[in-house]
Every structure is written in structure tokens, then in C-alpha cells.
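The letter at position 129 of the sequence shown is residue 291 when you use the numbering used here, and the numbering goes up by one with no holes.
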Amino acid sequence: MTATLLFLALFLLGLLLALRPLLGPKEPFPEPPRREELLRELEVLKEEVEALEGEEKKRALARLVEVERLLEGYRPPAPRAFRPWPVALVLGAAVLLGVGLWRYTLPRLPGETTVTQRQEARELKALADKAKRTGAVEDLLAWGRKAFELQAFDQAAEAYLEVFKKDPKNVEALRRVGILLFMGGRLEEARLFLELAQHADPKAAEGWLFLGNLYFQEGKMQEAIAAWEKYLEAGGEARERVEGLIAIAQAQGGKDGRSVYQARCAACHGLGGEGGVGPRLKGNPILKAPEAVREIVLKGRGAMPAIPLSEEELRVLLDYLGSL
Numbered sequence: 163m164t165a166t167l168l169f170l171a172l173f174l175l176g177l178l179l180a181l182r183p184l185l186g187p188k189e190p191f192p193e194p195p196r197r198e199e200l201l202r203e204l205e206v207l208k209e210e211v212e213a214l215e216g217e218e219k220k221r222a223l224a225r226l227v228e229v230e231r232l233l234e235g236y237r238p239p240a241p242r243a244f245r246p247w248p249v250a251l252v253l254g255a256a257v258l259l260g261v262g263l264w265r266y267t268l269p270r271l272p273g274e275t276t277v278t279q280r281q282e283a284r285e286l287k288a289l290a291d292k293a294k295r296t297g298a299v300e301d302l303l304a305w306g307r308k309a310f311e312l313q314a315f316d317q318a319a320e321a322y323l324e325v326f327k328k329d330p331k332n333v334e335a336l337r338r339v340g341i342l343l344f345m346g347g348r349l350e351e352a353r354l355f356l357e358l359a360q361h362a363d364p365k366a367a368e369g370w371l372f373l374g375n376l377y378f379q380e381g382k383m384q385e386a387i388a389a390w391e392k393y394l395e396a397g398g399e400a401r402e403r404v405e406g407l408i409a410i411a412q413a414q415g416g417k418d419g420r421s422v423y424q425a426r427c428a429a430c431h432g433l434g435g436e437g438g439v440g441p442r443l444k445g446n447p448i449l450k451a452p453e454a455v456r457e458i459v460l461k462g463r464g465a466m467p468a469i470p471l472s473e474e475e476l477r478v479l480l481d482y483l484g485s486l
């Protein structure tokens, strides 16, 4: 939005500079009367001179001579020359500036916000167009994977749901729909999809990770530990983080702020608030607004589900978050 306003301001400035020669101030001295007006004045003066006497006649004769001189040296005013080069240069610069802003600053594609994301956003759009055109399961899966990778979750959900409609036994679609449901706070539906997917493909580490997170959110510590252990057995990459989550789940039970955070928040936001599935909390300016944090925790926002906490748990959690 800021880039758009900047472009419009610069374009209008360039247009004003280009048109300035045409809109500039008039000449400091008025143009002389037209020839027809001088001839009429000359005829009137000639008639008056014959009837006047003394000083008045002298003034009339002097004006008569002046008008005759004006008529002798009269030249119609030359039209102001139009110089196209300054106009062309200014308008060209404005157009180039606008193209540059559009090309390198303004978001144009879904999921695109910076220059470094432009190529990825183009790839995502190409995959989406192809999947919608062909409707083939392979193309829909390629679109869904790319959208999920870029965290364009609306597109990922659309793609995987289309796969699920065409191939209800597709395990990847089943698992990813479950993950997206979990991130949307629909825990019961997410559990059904994830449990079915992991039963069909127990080697999928990603599914065990999110299933463990889901159980953890529900307070089912033993089930969460079992799911995370299967994640480690399947070769999941976030080994250190998940081992920390297992330790937290094993020690669950405290009611201080740190314990509440570890039990209800660390699975997504990291053990120390460094971020993970969810955004980074450590140093996040939103923590300076406890009421906003309270609203997000209790009602959810975006991909974050609502977290049911007692008033005491919420109070100690807010105090702990404020110390990060």
C-alpha cells in the first residue's frame, strides 16, 4: 500500500513538471493591442484632433504619432514554442519509476511480499493454474505441496481437498488436511484425519509430529509422548525440539507460568519462544499488549487455535510471556 501511494505521488509530480511549461505564468508585460484595435483608435484620434485646441490638441497629436509608430512596427506575437524533449524525459522517468516499483516492490501474486519471494510465488501460481486446468491428482498434489511449503495455507487446503475428493485414499492429502484442521483449531476433526493417515502410513514423521502436538494441546501427555517418540523413530528432523517437548510432557503438572507455557504453547512456539510451527514470541512486540495476547490465546487468530485456560493459568502465562 505504501509503495502504491509513493508511486502515485511521484507520477503526479512528474506529470506536473512535464506540464509546467504549458501551465506557467503569463508574460510580465501585456501583449500590444491587435492591429484592428490600433486602426480604430487612429481614426478616432484624427477626428478629435480637428476639434481640439491648445494642450488637449497637443496630447491628442502625441498619441496619434505613438499609434502610427505602433502600427508601423506592429508584429503579431509569436506563439510560444512547444519543446517536447523535457516533457518526454520527465514522463519517461515517471514511467520507468512506476515499472520499477511495480516489478520490485508491489506484491502481485498470492504469497508474494518481497523480491526474494517473487520466483516462488510465480512457481506457485503456475502450479495452481496447471492443477485447475487439468484436475489431475499429481498436479493438485504438486500445487498443495508448494502452497504448504510457502505457508499459503488457504491454497494448500483447496488443493488437498480437491485431491481428497478425487482420491479419498490418498494418504498425503489425508495427513495434510488433518494438519491444516489442527492449525485452524478444529482439533476433533484434525485428530480423525491424522490418526487415519498415520495408521495408513506410520513412517510419515510429519504426521506424528502434529498428532503429538494435538494430543499435547488436549492435555493427553502419554499419547503425545508416544506420538513424538514415533516421530523420532521415523527420522524426523526436529529431533532436539521434540526431545525437549517429550521432557516437558513427562514433567507436566506445574501451574507456574513457565509450566503453563511449556504445556500449552511450546509445541508450536518453541521451548524458549524462539518460534517453530507458530511465530517467534521472544522479543515479539505484541507481548507488550497483554490484553491483545489474552484475546489471541482465548479466541485464537489465523492458524493458531483457541487455547482453553483457567483465569489463573492465563494470568501466570501472561506474566511469563512478559518476561521473554
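For every residue, glycine included, the Cβ atom is placed at its ideal position computed from N, Cα and C. If you're wondering where the values come from, they're calculated on a predicted model, not measured in any experiment.
Own chain residues within Cβ distance below 6 Å of residue i, not counting five before or after
i	result
Asn375	Ala429
Glu475	Val422
Asp481	Gly419
Pro192	Low per-residue confidence applies at Pro192: pLDDT is 48, beneath 50, and the placement is therefore not dependable, though the value from the model is reported in the following sentence. If we look at Pro192 and ignore the five residues flanking it on each side, it has no Cβ neighbours.
Leu271	Confidence at Leu271 is low in this model, with a pLDDT of 46, below 50, so the placement of that residue is unreliable and no value is reported for it.
Ile341	Phe372
Rounded distance between the beta-carbons of residue j and residue i, thought under 8 Å
i	j	result
Arg221	Leu207	Incorrect: roughly 10 Å between the Cβ atoms, too far for contact.
Leu323	Val339	7 Å
Val333	Ala293	Actually they are not in contact, since the Cβ atoms of Val333 and Ala293 sit about 19 Å apart, beyond 8 Å.
Val299	Lys328	5 Å
Under 8 Å between C-beta atoms of residue i and residue j
i	j	result
Leu356	Leu373	yes
Ala318	Leu302	no
Leu479	Val422	yes
Leu449	Leu486	yes
Ala314	Leu286	yes
Ala366	Ala396	yes
Ala386	Ala411	yes
Lys219	Val211	yes
Gln379	Leu349	yes
Arg426	Leu471	yes
Gly346	Ala465	yes
Pro447	Gly484	no
Leu204	Glu230	yes
Leu394	Arg403	no
Val325	Gly306	yes
Residue i classed as buried or exposed, judged by whether at least 16 other C-beta atoms fall within 10 angstroms
i	result
Ile469	buried
Arg295	exposed
Pro490	Residue 490 cannot be examined here, being either before or after the span of the chain that is shown, 163 to 486.
Lys392	buried
Gly290	This sequence places Ala at residue 290; Gly is not what is there. Counting Cβ neighbours within 10 Å, Ala290 comes out buried, since at least 16 surround it.
Gly381	exposed
Arg202	exposed
Ala335	buried
Arg463	exposed
Other residues of its chain near residue i: CB distance less than 8 Å, five sequence neighbours each side excluded
i	result
Gly406	Ala428 and Leu433
Ala454	Ile448
Arg442	His431, Gly432, Gly435 and Glu436
Leu223	Val211
Sequence-distant residues of the same chain with beta carbon closer than 7 Å to residue i, five excluded per side
i	result
Ala309	Leu286, Gln317, Ala318 and Ala321
Glu189	Confidence in Glu189 is poor, its pLDDT being 47 and thus under 50, which makes the residue's placement too unreliable to answer from.
Tyr377	Glu385, Ala386 and Ala389
Lys444	Gly434, Gly435, Glu436 and Leu486
Ala409	none
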